[in-house]
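Undergrad: What follows is a structure written as structure tokens; I'll ask about it next.
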Amino acid sequence: MSAGHTSSPDSRRALESLCETYWYPLYAYVRRRVPDVSEAQDLTQAFFAELLEKNYVGSATRDRGRFRAFLLTAFKHFLSKQWEKSKARKRGGGRAPIPLDFESADSSIRIEPASGLTAEQFYDQQWAIALLGQIMEQLEAEFEQSGKTKLYEALKGFIIGDNAGTTYRQVAEKLSMTEAAAKKAASRMRRRYRELLHGEIAQTVEGPAEVDDEIRKLFTTLEL
Amino acid sequence: MAETKTCPKCGAELPDNAPSGICPKCLMLAGLESEQEIGSAADESDHAQVWLRAA
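Here you go:
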């Protein structure tokens, strides 16, 4: 877990990157536990300020396991401390460590507890979705850099399989290519998607051997 | 009334924040499947078979 290695020169950058991707699941968690939106936002912001400033994750050794579980445990501990001290409105030293788009987050998803999931289950679900969103953004950026945005848009649905709501023939006609070429491009996209997914998850678990296990666990949370 | 979108593969209702508008469950599973499996897995029962092989 590169973000947890204090000796790594890239550790802080890695941690910031992880926080930018995974702040939302924590926010979703605290929204389930705190009825006041402003308080939930303040707590989330303050936690990340402390996380980055005090390098919480620097002490995250291999024994602590997955970054997903570690982050939630650290957040719970932080919330307990804040509530005990009645300082829940503390704002991380007055500056935002990373830009957290609460407005967009609140408008893009129903945070209210309507599904019957626990706050922890909701956190895991939102973690999985945040992870996948990050991968799809990376994939789109790669296609965009290669001048293949239209190809990405036409084929992205095929990442989950050939039953993508459209056919290779339709894509081929739309992009003036052969059906075989469309199918081959989709296969390459799927392969790249898997590489990105495995690479991203490898940053949050103890080693490559745990990647498939983490994928299975995240899949299970999405089935709830 | 907002339109409910469903996954063309598994039929599940898509969450509002589905990554790139794609079913997160099927996306996650695609991370485990081989190219041969992903090309042939067409429904939920195939999902389960892939799952059992992967576990």
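Residue numbers (our numbering), protein chains in the order written: chain A, 1 to 224; chain B, 1001 to 1055.
Using N, Cα and C, we set each Cβ at its ideal position, and we do this for glycine too.
1. Spatial neighbours of A:Phe-102 within its chain, please: CB distance less than 6 Å, with the 5 preceding and 5 following residues excluded, ordered by chain position.
2. Could you confirm whether any beta carbon from chain B is found closer than 8 Å to the beta carbon of A:Leu-227?
3. Does the region 205-222 of chain A come into contact with the region 125-144 of chain A, if we say contact requires no fewer than three beta-carbon pairs (one atom in each stretch) closer than 8 Å?
4. Beta carbon of A:Leu-52, beta carbon of A:Cys-19: below 8 Å?
5. 8 Å is my cut-off, CB to CB: does A:Phe-143 come that close to chain B?
6. Within 10 Å of its beta-carbon, does A:Lys-54 have 16 or more other beta-carbons around it, so buried, or fewer, so exposed?
7. With a threshold of 8 Å between beta-carbons, can B:Ala-1042 be considered close to chain A, or not?
8. Tell me whether B:Glu-1003 sits in a helix, a strand or coil according to DSSP, three-state version.
9. Could you compute how far the alpha carbon of A:Leu-197 sits from the alpha carbon of A:Lys-85?
10. Grab me the residues of A:Leu-175's own chain with a C-beta within less than 8 Å of its C-beta, minus the 5 sequence neighbours each way, in chain order.
11. So the alpha helix (DSSP H) A:Gly-133 belongs to, where does it begin and stop?
12. Residues of chain A with CB under 8 Å from B:Lys-1025, in chain order?
13. Can you pull the chain A residues whose beta carbon is under 7 Å from the beta carbon of B:Lys-1009, in chain order?
14. Would you mind telling me which residues of chain A sit closer than 9 Å to B:Leu-1032, beta carbon to beta carbon, in chain order?
15. Mind pulling the chain B residues with CB within less than 7 Å of A:Ala-119?
16. According to DSSP, simplified to helix, strand and coil, what is A:Glu-206?
17. Can you tell me which of the three DSSP states B:Glu-991 falls into?
18. Taking CB distances under 8 Å as the criterion, tell me whether A:Gly-133 reaches chain B.
19. Return the chain-ordered list of same chain residues with a C-beta closer than 6 Å to the C-beta of A:Asp-213, the five sequence neighbours on each side being excluded.
20. Cα-Cα, which of A:Pro-25, A:Arg-191 and A:Glu-137 is closest to A:Phe-158?
21. Specify the secondary structure class of A:Glu-223 as computed by DSSP and reduced to three states.
22. Please report whether the beta-carbon of B:Leu-1029 lies at a distance below 8 Å from any beta-carbon of chain A.
23. Tell me whether A:Glu-234 is buried or exposed, calling it buried when 16 or more other Cβ atoms sit within 10 Å of its Cβ.
24. Using C-beta distances below 6 Å, list every residue in its chain close to A:Phe-122, excluding the 5 sequence neighbours before and after it, in chain order.
25. Can you check whether the C-beta of A:Arg-190 is within less than 8 Å of a C-beta belonging to chain B?
26. Within 8 Å of any Cβ in chain B, is that where the Cβ of A:Leu-151 sits?
TA: On the basis of the data shown:
1. In chain order, Gln-41 place their CB closer than 6 Å to the CB of A:Phe-102, counting only its own chain and leaving out the 5 sequence neighbours on each side.
2. Nothing can be reported for residue 227 of chain A: it is not among the residues displayed for chain A, which extend from 1 to 224.
3. Contact between the region 205-222 of chain A and the region 125-144 of chain A is present: 3 or more CB-CB pairs across the two stretches fall below 8 Å.
4. Contact: yes.
5. So no, A:Phe-143 is outside the interface.
6. With fewer than 16 other Cβ atoms within 10 Å, it is exposed.
7. Residue confidence for B:Ala-1042 is low, a pLDDT of 44 falling below 50, so the modelled location carries little weight and cannot support an answer.
8. Looking at B:Glu-1003 - three-state DSSP - the assignment turns out to be coil, as it is neither helix nor strand.
9. Straight-line Cα distance between these residues: approximately 40 Å.
10. These residues qualify, in order along the chain: Lys-150, Leu-151, Ala-154 and Ala-182.
11. Here the alpha helix (DSSP H) through A:Gly-133 covers 119-145.
12. Annotation: Cβ neighbours of B:Lys-1025 in chain A (cutoff 8 Å, chain order): Phe-219, Leu-222 and Glu-223.
13. By Cβ distance, chain A contributes Ile-160, Gly-161 and Asn-163.
14. Those are Arg-194, Asp-212, Ile-215, Arg-216 and Phe-219, listed as they occur along chain A.
15. Simply none; closest approach about 17 Å.
16. Assigned with DSSP and collapsed to three states, A:Glu-206 falls in coil, not helix or strand.
17. Examination of residue 991 of chain B is not possible in this model, given that chain B is present from 1001 through 1055 alone.
18. Yes, A:Gly-133 counts as interfacial toward chain B.
19. So no residue of the chain qualifies.
20. Closest option to A:Phe-158, judged by alpha-carbon separation, among A:Pro-25, A:Arg-191 and A:Glu-137: A:Arg-191.
21. Three-state DSSP puts A:Glu-223 in coil, outside helix and strand.
22. Answer yes: the Cβ-Cβ gap between B:Leu-1029 and chain A drops below 8 Å somewhere.
23. Within the shown structure, residues of chain A are numbered from 1 to 224, placing residue 234 of chain A beyond reach of any answer.
24. Only residues of its own chain outside the window of five on either side were considered, and among them Ala-28 and Arg-32 have a CB closer than 6 Å to the CB of A:Phe-122, listed in chain order.
25. For A:Arg-190, at least one C-beta of chain B is nearer than 8 Å to its own C-beta.
26. Contact with chain B is absent for A:Leu-151, since none of that chain's Cβ atoms lies less than 8 Å from the residue's Cβ.
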